[in-house]
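*Asks:* Quick note on numbering: the sequence shown equals residues -19 to -1, 1 to 192 in mature numbering (1 follows the signal peptide of the UniProt record, and there is no 0). Even for Gly, the Cβ is constructed at its ideal location relative to N, Cα and C. Computed from a prediction, not measured in an experiment: that's the story for all the values here. First the structure, then my questions, so here it is.
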Amino acid sequence: MYKPFYFFTILLFFSNACMSSDTCSDKDRSCGVEGQILSIFSAPQGIYLYSTQTSYQGDLAKYGSSFEDSLHNICTGNRLFASIINSSCSNVLPLVSTSTHNLSNFPTDYGMPDTSSYPVRGAKGDIIANSWNLFLDENPLITLQAAGVVSQNFWTFSSLGGVYNSADNCIAGTSNSAAGAIGTPDEPTNGWVSSGAPGCSEYHPIICACY
């Protein structure tokens, strides 16, 4: 009858050790099994953002049968090493606009929550915006870099407000010789999603959302 008590006592011991330790490697995102189990019960609800571990040229459509499929494959493949405390989130979306799916339309297109019950969070749970809509339309509460999401520019193929940038999208992700819109990690305004359009031959990560 005491086994559940002993189990959670041991789990709490290891989780506290994990959270207070500075020895976890970059790829040991949850500090082992104990941290992963604990995060299922303790991670606050929200839309968590993470960066891909790999940087890509702008021809992002080559990793799947379609542009959207390719982007999903990239985010799904990088989910295992995502630096987020919520290890139980199962819905993954790329923060890259396409001609059929704007970032601003994710709640309609994919059923992504767009309420204050699901704030947009950084790697360790810090709130970046109080809802998906506010994330795109208003200044973030903290920058993506401060929230531990990303520290370098990233592909978005988006304009302000999270709409598809019809001019700078690396020809719908098929070319590395055109130009593509990027976001910036330390921008304190809603301009974070569109800070320039470098050549598609450059290498940048993409940001993914998990909820």
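(1) For the alpha helix (DSSP H) that Pro88 lies in, which residues bound it at each end?
(2) What residue range is occupied by the uninterrupted alpha helix (DSSP H) comprising Thr153?
(3) What is the rounded straight-line gap between the Cα of Phe48 and the Cα of Ala159?
(4) Evaluate contact between the stretch 156 to 176 and the stretch 116 to 132, counting only Cβ atoms and requiring at least three cross-stretch pairs below 8 Å.
(5) For Leu61, does the count of other Cβ atoms within 10 angstroms reach 16, so buried, or fall short, so exposed?
(6) Apart from the five residues on each side of it in sequence, which residues of its chain come closer than 6 Å, Cβ to Cβ, to Ser78?
(7) Return the residue from the list Ser68, Thr155 and Gly177 that minimises the CA-CA distance to Leu30.
(8) Anyone know if the C-beta pair for Asp40 and Cys181 falls short of 8 Å?
(9) Could you tell me the distance, in whole angstroms, from the CA atom of Leu141 to the CA atom of Ala110?
(10) What are the boundary residues of the beta strand (DSSP E) that includes Ser32?
(11) How far does the alpha helix (DSSP H) with Cys70 in it reach, from first residue to last?
(12) On the three-state DSSP scale, how would you describe His185?
(13) Check whether the Cβ atoms of Tyr37 and Tyr184 sit closer than 8 Å, and answer yes or no.
(14) DSSP beta-bridge partners for Arg102?
(15) Straight-line CA distance for Phe(-12) to Ser23?
(16) Specify, as a first and last residue, the run of the alpha helix (DSSP H) that His53 falls within.
*Replies:* Concretely, from the data shown:
(1) To locate residue 88, count along the sequence shown from 1; it is residue 107. Segment Phe87 to Tyr91, the alpha helix (DSSP H) holding Pro88.
(2) Counting from 1 along the sequence shown, the entry for residue 153 is found at position 172. Residue 153 is actually Ala in this sequence, not Thr. From DSSP, the alpha helix (DSSP H) with Ala153 extends over Cys151 to Gly154.
(3) The sequence position of residue 48 within the sequence shown is 67, counting from 1. The sequence position of residue 159 within the sequence shown is 178, counting from 1. When the Cα atoms are used, Phe48 and Ala159 turn out to be separated by approximately 16 Å.
(4) Yes: the two stretches touch, three or more of their Cβ pairs being nearer than 8 Å.
(5) Position 80 of the sequence shown, counting from 1, holds the residue named residue 61. When all chains shown are included, Leu61 counts as exposed.
(6) For the purposes of this step, residue 78 is taken as the residue at position 97 of the sequence shown. Listed in chain order, the non-local C-beta contacts of Ser78 below 6 Å within the same chain comprise Leu84, Phe138, Ser139 and Tyr145, local neighbours out to five positions each way being set aside.
(7) Locating residue 30 in the sequence shown gives position 49, counting from the first residue. Taking only the C-alpha atoms, the option nearest Leu30 is Ser68.
(8) Here the question's residue 40 lines up with position 59 in the sequence shown. Here the question's residue 181 lines up with position 200 in the sequence shown. In this structure, Cys181 lies closer than 8 Å to Asp40 by Cβ.
(9) By one-based count along the sequence shown, residue 141 stands at place 160. By one-based count along the sequence shown, residue 110 stands at place 129. CA-to-CA, the gap between Leu141 and Ala110 works out to about 16 Å.
(10) As a working note, residue 32 is residue 51 in the sequence shown. Counting along the chain, the beta strand (DSSP E) containing Ser32 begins and ends at Ile28 to Ser32.
(11) Position 89 of the sequence shown, counted from the start, is the residue given in the question as residue 70. Here Cys70 belongs to no alpha helix (DSSP H), and DSSP marks it neither H nor E.
(12) Against the sequence shown, residue 185 aligns to sequence position 204. The three-state reading of DSSP puts His185 in strand, counting E and B together.
(13) Within the sequence shown, the letter at position 56 stands for residue 37. Within the sequence shown, the letter at position 203 stands for residue 184. For Tyr37 and Tyr184, yes; Cβs fall inside 8 Å.
(14) Sequence index remark: in the sequence shown, residue 102 carries index 121 (1-based). BP columns for Arg102 point to Tyr29 and Ile108.
(15) Here residue -12 is taken as the residue at index 8 of the sequence shown, counted from 1. Here residue 23 is taken as the residue at index 42 of the sequence shown, counted from 1. Residue placement at Phe(-12) is poorly supported in this model, since its pLDDT is 39, which falls under 50; the coordinates still yield a value, given next. The alpha-carbon separation between Phe(-12) and Ser23 amounts to approximately 13 Å.
(16) Locating residue 53 in the sequence shown gives position 72, where the first residue counts as 1. For His53, the enclosing alpha helix (DSSP H) starts and ends at Phe48 to Arg60.
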